[in-house]
Amino acid sequence: MDGVVDELSQPASYKDLCHEHHEGAPMPSAEALRGIVELLRSIIFPGFFGKSTINKDTLKYHIGVNVEHLFALLVEQIQAGLAFADYCNVAAYAAYNQQTIYTELHRMATDRAEKFIAKLPEIRRVLATDVVAAFNGDPAAKTYGEIISCYPIIKELTIYRMAHELWLLDVPLIPRMLTEMAHSETGIDIHPGATIGEYFTIDHGTGVVIGETCIIGKNVKLYQGVTLGAKSFPLDANGNPIKGIPRHPILEDDVIVYSNASILGRITIGKGAVIGGNIWVTQDVPAGANITQKK
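Just so it is clear: in the sequence shown, position 66 is 66 by the working numbering, and no numbers are missing.
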């Protein structure tokens, strides 16, 4: 056993697989992030999540308490994310004392958390349009409450829209952790970097993949198993994939994509187009077109 421990402790063995912690700079906590998700859901959809005793007389109090708690947790976790991203690297530790670094990370985290909290009314407004889209898109749905309580797309989008705002605020790691939690919960995989407009819905949801550089317009509907992915990965001179370039589809307003369709590459699906099920699309589709399998 000692030999195994020695071997596992060799730098060559754990290269790139070990994160060295500096004192006072822990990793973001998955447990704390789950708590943040629950708080967000209780703020956006009070009474459906969180306290079950909310009424018009206690609503403002409950939201106020939850927003304060959410802010405190966000500051803590964003600070951990910033530390993880090497904002406090070895050179910084050599140049400054630990307290100075901690103070600067805390300031940066507080600033980002404040900006996120300011976006909560807009996040709720857009999520309300998603609830309407899901309700209007499913004749089996009886009430908005059923959509909020039961439909995986609303659980997914609540997390995605939070993660996307944090992504725009340049918060490291946490947006990906959040959307992977949503992926595990719902079977829907949306990268936090994707841009998705109002009145968006996915019917059933399981198996949908939406890539980092996707741009989706308003009033778009997807069905289960849809992939909005990259067709290929351009390589640099060393043969490594080039990061950050647009490589996923653009779906304009009012597009519908049926189950198990794969739309690949930086192509545009024009306004009002309909993409049938079980097909690959790798070229632009004009507005209003109806693309189906050949008979």
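For each residue, glycine too, the CB sits at the ideal point set by N, CA and C. Just so it is clear, the structure is predicted and the values come from calculations on it, not from any experiment.
Across the segment 220 to 231 and the segment 256 to 263, are there enough close Cβ pairs to call them in contact, namely three or more that are closer than 8 Å? Enough Cβ pairs lie closer than 8 Å, so yes.
Touch check for the segment 67 to 79 and the segment 47 to 56: three-plus C-beta pairs under 8 Å? No: fewer than three Cβ pairs fall under 8 Å.
CB of residue 28 within 8 Å of CB of residue 84, strictly: Cβ distance < 8 Å, so residue 28 and residue 84 count as in contact.
Beta carbon of residue 283, beta carbon of residue 267: below 8 Å? In this structure, residue 267 lies closer than 8 Å to residue 283 by Cβ.
Would you identify the three-state DSSP class for residue 305, choosing helix, strand or coil? No information on residue 305 is available, as it lies outside the stretch 1 to 295 that the chain covers here.
Residue 36 at chain B interface by Cβ criterion, 8 Å: Absent from the structure is chain B; it holds one protein chain and no more.
Please report how far the alpha carbon of residue 298 lies from the alpha carbon of residue 218, in whole angstroms. The structure shown does not extend to residue 298, since the chain is modelled only from 1 through 295, so no value can be given for it.
If I measure Cβ to Cβ from residue 158 and keep anything under 7 Å in the same chain, skipping five residues before and after, which residues do I get? These residues qualify, in order along the chain: 40, 41, 44, 127.
Does the distance from the C-beta atom of residue 242 to that of residue 215 stay below 8 Å? One thing to note: residue 242 has its Cβ no nearer than 8 Å to the Cβ of residue 215.
Could you pull out every residue in the same chain whose Cβ sits closer than 7 Å to the Cβ of residue 90, ignoring the five residues on either side in sequence? For residue 90, the predicted model reports a pLDDT of 44, less than 50, meaning its position is unreliable; a value from the coordinates is still stated below. There are no such residues.
Considering only residues of the same chain and omitting the five flanking positions on each side of residue 235, which have a CB-CB separation below 8 Å? Around residue 235: 241, 242.
Taking C-beta to C-beta, are residue 151 and residue 133 nearer than 8 Å? Not a contact, by the Cβ cut-off of 8 Å.
How would you call residue 4, buried or exposed, if buried means at least 16 neighbouring beta carbons within 10 angstroms? Around the C-beta of residue 4, fewer than 16 other C-beta atoms lie within 10 Å, and the residue is accordingly described as exposed.
For a quick check, are the C-beta atoms of residue 164 and residue 192 less than 8 Å apart? Inclusion of residue 164 and residue 192 in the CB contact set at 8 Å is warranted, their separation being smaller than that value.
Please classify residue 294 as buried or exposed, where buried requires at least 16 neighbouring CB atoms within 10 angstroms. The residue is exposed, with fewer than 16 neighbouring Cβ atoms inside 10 Å.
Pick from 186, 198, 220 that is closest to residue 207, judged by C-alpha positions: Taking residue 207 as reference, the option from 186, 198, 220 with the minimal CA-CA separation is 186.
CB-CB under 6 Å to residue 189, same chain, minus the five flanking residues each way: which ones, in chain order? Counting only Cβ-Cβ distances below 6 Å, and skipping sequence neighbours, we find 183, 209.
Which of the three DSSP states is assigned to residue 178 in this structure? In the three-state DSSP reduction, residue 178 falls in the helix class (H, G or I).
Whose C-beta lies closer than 8 Å to the C-beta of residue 64 among residues of the same chain, with five residues either side of it excluded? Within the same chain, residue 64 has no close Cβ partners at all.
Can you determine whether any heavy atom of the ligand SAH sits closer than 7 Å to the C-beta of residue 76, and answer yes or no? Among the components of this structure there are no ligands whatsoever, and the ligand SAH is therefore not found.
Reduced DSSP category for residue 296 - H, G, I as helix; E, B as strand; rest coil: Outside the shown range of the chain (1 to 295) lies residue 296, about which nothing can therefore be said.
Straight-line Cα distance separating residue 10 from residue 143: CA-CA distance, residue 143 to residue 10, rounds to 59 Å.
In chain order, what residues of the same chain have a beta carbon less than 6 Å from the beta carbon of residue 233, not counting five sequence neighbours either side? A distance below 6 Å between beta-carbons, with the five flanking residues on each side excluded, links residue 233 to the following residues of its chain, in chain order: 241.
Close Cβ partners of residue 286 (< 8 Å) along its chain, the five nearest in sequence each way excluded: Here the set comprises 270, 273.
Bridge-paired residues (DSSP) for residue 215: Answer is 195, 250.
Let me know the secondary structure DSSP gives residue 229 once reduced to three states. Residue 229 falls in the strand class under three-state DSSP.
Would residue 177 and residue 30 qualify as a contact pair, given that the criterion is a beta-carbon distance under 8 Å? A distance below 8 Å separates the beta carbons of residue 177 and residue 30.
Select from 153, 80, 280, 197 the residue whose C-alpha is nearest the C-alpha of residue 125. Measuring C-alpha to C-alpha distances from residue 125 to each of 153, 80, 280, 197 identifies 197 as the nearest.
Would you mind sorting residue 179 into buried or exposed? The rule is 16 or more other CB atoms within 10 Å of its CB. It counts as buried.
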